[in-house]
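These notes are about the structure you will find just below.
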Amino acid sequence: MEAVDPDADSLTVIGTTIPSWLSFSDRVLSGTPTALDEGVHSVHLSVTDGSVTVDQEFNIAVFPALVVPVNLIVNPSFESGTTGWNVPGGGWVSVSTDTSTNGISSLRLSSESNVLISATTQEVPVTSNTNYELSFWVLNAAQTSGTAVFDLSDKPTAQTETQQTFSPGTASVWTRYSGIWNSGSETVMKIRIFTTPSADFSGTIYFDEFSLSEISAENAAPVITSVAGSTAYLDQWYRTTVVAVDEEESPLVFSGVSIPDWLD
Numbered sequence: 256m257e258a259v260d261p262d263a264d265s266l267t268v269i270g271t272t273i274p275s276w277l278s279f280s281d282r283v284l285s286g287t288p289t290a291l292d293e294g295v296h297s298v299h300l301s302v303t304d305g306s307v308t309v310d311q312e313f314n315i316a317v318f319p320a321l322v323v324p325v326n327l328i329v330n331p332s333f334e335s336g337t338t339g340w341n342v343p344g345g346g347w348v349s350v351s352t353d354t355s356t357n358g359i360s361s362l363r364l365s366s367e368s369n370v371l372i373s374a375t376t377q378e379v380p381v382t383s384n385t386n387y388e389l390s391f392w393v394l395n396a397a398q399t400s401g402t403a404v405f406d407l408s409d410k411p412t413a414q415t416e417t418q419q420t421f422s423p424g425t426a427s428v429w430t431r432y433s434g435i436w437n438s439g440s441e442t443v444m445k446i447r448i449f450t451t452p453s454a455d456f457s458g459t460i461y462f463d464e465f466s467l468s469e470i471s472a473e474n475a476a477p478v479i480t481s482v483a484g485s486t487a488y489l490d491q492w493y494r495t496t497v498v499a500v501d502e503e504e505s506p507l508v509f510s511g512v513s514i515p516d517w518l519d
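Numbering (the numbering used here), first residue to last: 256 to 519.
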């Protein structure tokens, strides 16, 4: 807490109301909340020069510990070769160290003549009726013809259909593709990477850094942490600043629902 006195009087700073998990020393509030301290805590600090006391009040919001999303895909960047993936024969699909976005490896589909490349697959257990965030990276600057395909679950139902196609030049530099996928009635998601049945694929395309993580269904409400000044005086300027925080760090929109006509 910073405080100054225009008369250069000696100041005394007091922690009038402080949560039990905080300490106040040398004008500094510090402490580490535990799971038992989740919620909103009021703080009241006072500073006095011996004659006049000024208060500062605010709230501290303690949120649950951040949950790091878990990537459900095994060996998502092919750093362990083809572990976790079912790769077809024929020599057209391999793990390459030519280029990558994460680590040193990526999956390469390559052919010098028009071919049909069967699917590289991975089956991932999922929870039914759940939203997931899916992302992956693609580079096909050296693809010369045909179409490569990424899709999910062999499209057993319309609600879970997800497919992305790549023709020459679609991703001439490493490009990230992402979206939200709902599992519907499925409990297993099947990733497939292949070329179209027209058997006209030639050139090279790379895939890397796959990610599939569950999206939390709950959205925590924002918390106002400021304490508004509740007193105004005739012919004197009044000002208060509203401060709020959000657990998910989403952008917040502030609206004046009901405001006296003398306030902006």
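Every residue, glycine too, gets a C-beta built ideally from N, C-alpha and C.
- Shown here, residue 310 sits in a strand according to DSSP, grouped into three states.
- Measuring C-alpha to C-alpha distances from residue 367 to each of 458, 497, 350 identifies 458 as the nearest.
- Distance from residue 341 to residue 287 at the Cβ level is roughly 47 Å; contact not present, criterion being Cβ atoms closer than 8 Å.
- Under the three-state reduction of DSSP output, residue 266 falls in the coil class, being neither helix nor strand.
- The beta carbons of residue 449 and residue 396 sit no closer together than 8 Å.
- Between residue 393 and residue 442, the C-beta spacing is not below 8 Å.
- Here residue 455 carries a coil assignment [DSSP, helix/strand/coil].
- Of the candidates 271, 343, 365, 344, 365 places its Cα closest to the Cα of residue 353.
- A contact is defined here as three or more CB-CB pairs under 8 Å, and the segment 507-518 fails this definition with respect to the segment 328-338.
- When DSSP states are grouped into helix, strand and coil, residue 292 belongs to the helix group.
- For residue 432, the three-state secondary structure derived from DSSP is strand.
- Under the three-state reduction of DSSP output, residue 261 falls in the coil class, being neither helix nor strand.
- The secondary-structure analysis by DSSP pairs residue 284 across a beta bridge with 279.
- According to DSSP, residue 319 shares a beta bridge with no other residue.
- Ranking 280, 263, 355 by CA distance to the CA of residue 270 puts 280 first.
- Counting of Cβ neighbours within 10 angstroms places residue 428 among the exposed residues, the total staying below 16.
- Here residue 401 really is in contact with residue 451; their C-beta atoms are around 7 Å apart, less than 8 Å.
- Leaving aside the five residues that flank residue 378 on each side, the residues in its chain whose CB is nearer than 6 Å to its CB run, in chain order, 443, 445.
- For residue 446, the enclosing beta strand (DSSP E) has its first and last residue at 443-450.
- Bridge pairing for residue 342: absent [DSSP].
- Distance between residue 346 and residue 462, taken at the CA atoms: about 16 Å.
- Boundaries of the beta strand (DSSP E) harbouring residue 363: 361-370, taken from the DSSP string.
- Remark: C-beta atoms of residue 500 and residue 477 approach each other more closely than 8 Å.
- Of the residues 433, 496, 391, the one whose Cα lies closest to the Cα of residue 313 is 496.
- The C-beta distance from residue 362 to residue 370 rounds to 16 Å, too long to meet the 8 Å contact threshold.
- A straight line joining the alpha-carbon of residue 487 with that of residue 493 spans about 6 Å.
- Per the coordinates, the alpha-carbon of residue 454 lies some 60 Å from the alpha-carbon of residue 294.
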